[in-house]
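Beneath this line is the structure, given in structure tokens, with notes to follow.
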Amino acid sequence: MSRTILVLPGDGIGPEIIAEAVKLIDALKSRHGLDVELDEATIGGAGYDAAGHPLPEETLTKARAADAVLLGAVGGPQYDALPRELRPERGLLGIRKELGLFANLRPALLYPELAEASTLKREVVEGLDIMIVRELTGGIYFGEPRGVRTREDGEREGFNTLVYREHEVERIARVAFETAMKRGKRLCSVDKANVLEVSELWREVVERVGRDYPGVELSHMYVDNAAMQLIRAPKQFDVMVTTNLFGDILSDAASMLTGSIGMLPSASLNADGQGMYEPIHGSAPDIAGQGMANSLATILSVSMLLRHSLREAALADRVDAAVGTVLRQGLRTADLARGGEAVVGTAAMGDAVVAAL
Ligand code: NAD
Ligand code: IPM
Ligand code: MN
Numbered sequence: 153m154s155r156t157i158l159v160l161p162g163d164g165i166g167p168e169i170i171a172e173a174v175k176l177i178d179a180l181k182s183r184h185g186l187d188v189e190l191d192e193a194t195i196g197g198a199g200y201d202a203a204g205h206p207l208p209e210e211t212l213t214k215a216r217a218a219d220a221v222l223l224g225a226v227g228g229p230q231y232d233a234l235p236r237e238l239r240p241e242r243g244l245l246g247i248r249k250e251l252g253l254f255a256n257l258r259p260a261l262l263y264p265e266l267a268e269a270s271t272l273k274r275e276v277v278e279g280l281d282i283m284i285v286r287e288l289t290g291g292i293y294f295g296e297p298r299g300v301r302t303r304e305d306g307e308r309e310g311f312n313t314l315v316y317r318e319h320e321v322e323r324i325a326r327v328a329f330e331t332a333m334k335r336g337k338r339l340c341s342v343d344k345a346n347v348l349e350v351s352e353l354w355r356e357v358v359e360r361v362g363r364d365y366p367g368v369e370l371s372h373m374y375v376d377n378a379a380m381q382l383i384r385a386p387k388q389f390d391v392m393v394t395t396n397l398f399g400d401i402l403s404d405a406a407s408m409l410t411g412s413i414g415m416l417p418s419a420s421l422n423a424d425g426q427g428m429y430e431p432i433h434g435s436a437p438d439i440a441g442q443g444m445a446n447s448l449a450t451i452l453s454v455s456m457l458l459r460h461s462l463r464e465a466a467l468a469d470r471v472d473a474a475v476g477t478v479l480r481q482g483l484r485t486a487d488l489a490r491g492g493e494a495v496v497g498t499a500a501m502g503d504a505v506v507a508a509l
């Protein structure tokens with residue numbers, strides 16, 4: 153039985169980078185025996201335009217039935233004035249929640265060829281290999297109550313709730329410890345336990361889960377310090393585990409260690425091992441439609457999809473290696489160029505990866 157990948161291009165540069173990922177998957181099918189069918193649906197602003205909702209019912213139905221989902225990005229200024237529940241970002245949050253994709257793996261890996269592309273010194277980033285494990289279906293993103301209300305004195309106030317239940321912390325901690333077991337066996341849990349009660353509970357539960365993993369060296373760090381340490385000496389980290397919001401912020405920061413936010417893929421997994429794969433960056437409205445976006449984060453998301461959802465580790469290795477090859481050839485999209493290099497566009501980079509497979 154053939155497996156199905158549901159492709160959700162989304163908005164902005166989403167369709168441009170997804171086109172390169174599809175090109176790659178087609179090449180893996182025709183040249184390397186990958187047995188998979190692609191289906192496509194809308195999400196985000198594209199979903200709103202096509203069906204009046206950022207997460208159309210049909211998209212969700214197809215996603216539930218698929219073996220894996222590959223997503224570009226959502227969002228754009230033309231949708232910013234919509235009511236919050238119709239905004240593109242709600243479509244993304246909705247599909248994460250509906251599929252139960254609580255575990256978000258965001259690897260920040262420096263390709264050696266890009267040591268000079270990072271804005272940090274070569275010696276700070278050379279050899280960098282961090283895995284950020286971000287909780288994805290809880291925390292302040294989803295906590296209730298939330299809203300904007302008018303106080304008795306007539307002034308308005310906005311409010312959100314940061315809440316984590318024990319089982320939510322427990323299951324993300326378990327994923328993080330399991331991940332650490334397969335890597336350098338060091339886990340740093342990032343919180344704000346000096347201020348927040350929810351972090352106190354987080355820390356306690358992570359400690360408890362850690363007793364099942366005596367082989368993993370567990371440490372804790374406050375998020376403000378973690379942000380600083382990521383820039384000061386990022387190689388001290390192996391696996392980091394943190395909440396939805398902290399993980400969102402820290403992974404964007406970590407991406408610059410690898411040269412560009414256009415390099416960071418991600419996998420979002422549920423308890424059944426089903427996954428959605430997407431670059432960590434957004435729809436980049438400032439460069440959309442110009443054919444200059446970096447598609448490597450999306451291509452590396454295909455690699456994660458092959459590895460985690462399709463159990464095609466050899467093909468995933470092949471994709472990772474092809475990315476190394478094109479970088480060694482000196483190909484750079486604009487976000488990776490630091491002066492002097494010839495710059496290639498989105499499609500040329502995708503073609504080069506296919507050629508290097
Ligand atoms: P962004 O990640 O879209 O862009 C930030 C900066 O990085 C921009 O200058 C952009 O040009 C650059 N950039 C991002 N991806 C790139 C790539 N592949 N190649 C080259 N440069 C790239 O973040 P933003 O500007 O804060 O948000 C824009 C929109 O995207 C918003 O609507 C936001 O809500 C949405 N967003 C969506 C996702 C997602 O779909 N997963 C993630 C983040 C932001
Ligand atoms: C991401 C994005 C999303 C998030 C937004 C668009 C909802 O920033 O995937 O990192 O905050 O999770
Ligand atoms: Mn983000």
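When we follow this note's numbering, the leftmost residue of the sequence shown carries the number 153, and every step to the right adds one. Even glycine gets a Cβ: it sits at the ideal position worked out from N, Cα and C.
- About 7 Å separates the beta carbon of residue 428 from that of residue 251, a gap short enough to meet the 8 Å contact definition.
- Residues 325, 329, 339, 368 and 370 of the same chain have their beta carbon placed closer than 8 Å to that of residue 362, with the five preceding and five following residues left out of the count.
- Within 7 Å of the C-beta of residue 400 there is at least one heavy atom belonging to the ligand IPM.
- The alpha-carbon separation between residue 154 and residue 462 amounts to approximately 11 Å.
- Judged by their CB atoms, residue 225 and residue 417 are not nearer to each other than the 8 Å cut-off.
- Using a 10 angstroms sphere on the CB of residue 473, the tally of other CB atoms stays under 16, which defines it as exposed.
- Distances between the C-beta of residue 404 and the heavy atoms of the ligand MN include at least one below 7 Å.
- Approximately 6 Å separates the beta-carbon atoms of residue 448 and residue 415; this is inside 8 Å, confirming the contact.
- Residue 273 counts as exposed, since fewer than 16 other beta carbons sit within 10 angstroms of its beta carbon.
- According to the DSSP assignment, residue 451 belongs to no beta strand (DSSP E) but to the alpha helix (DSSP H) extending over 448-460.
- Relative to the Cα of residue 422, the nearest Cα in the group 247, 213, 169 and 188 belongs to 247.
- Counting only runs that start and end inside the segment 324-374, the beta strand (DSSP E) elements of at least 3 residues fall at 338-343 and 369-374.
- With respect to the C-alpha of residue 476, the residue from 364, 284 and 452 having the closest C-alpha is 452.
- Straight-line spacing of the CA atoms in residue 213 and residue 200 works out to 16 Å.
- Taking residue 467 as the centre and dropping the five residues before and after it, the same chain places the C-beta of 180, 184, 186 and 458 closer than 7 Å to its C-beta, in chain order.
- Within the segment 266-320, the runs of alpha helix (DSSP H) at least 4 residues long that lie entirely inside it are, in chain order, 274-277.
- The segment 311-327 and the segment 278-292 touch, with no fewer than 3 CB-CB distances between them shorter than 8 Å.
- With respect to residue 260, residue 411 sits apart: the two C-beta atoms are not nearer than 8 Å.
- Listed in chain order, the non-local C-beta contacts of residue 232 below 8 Å within the same chain comprise 239, local neighbours out to five positions each way being set aside.
- One Cα belongs to residue 264, the other to residue 309, and the distance between them is close to 48 Å.
- Taking 8 Å as the cut-off, the beta carbon of residue 195 is found closer than this to the beta carbon of residue 243.
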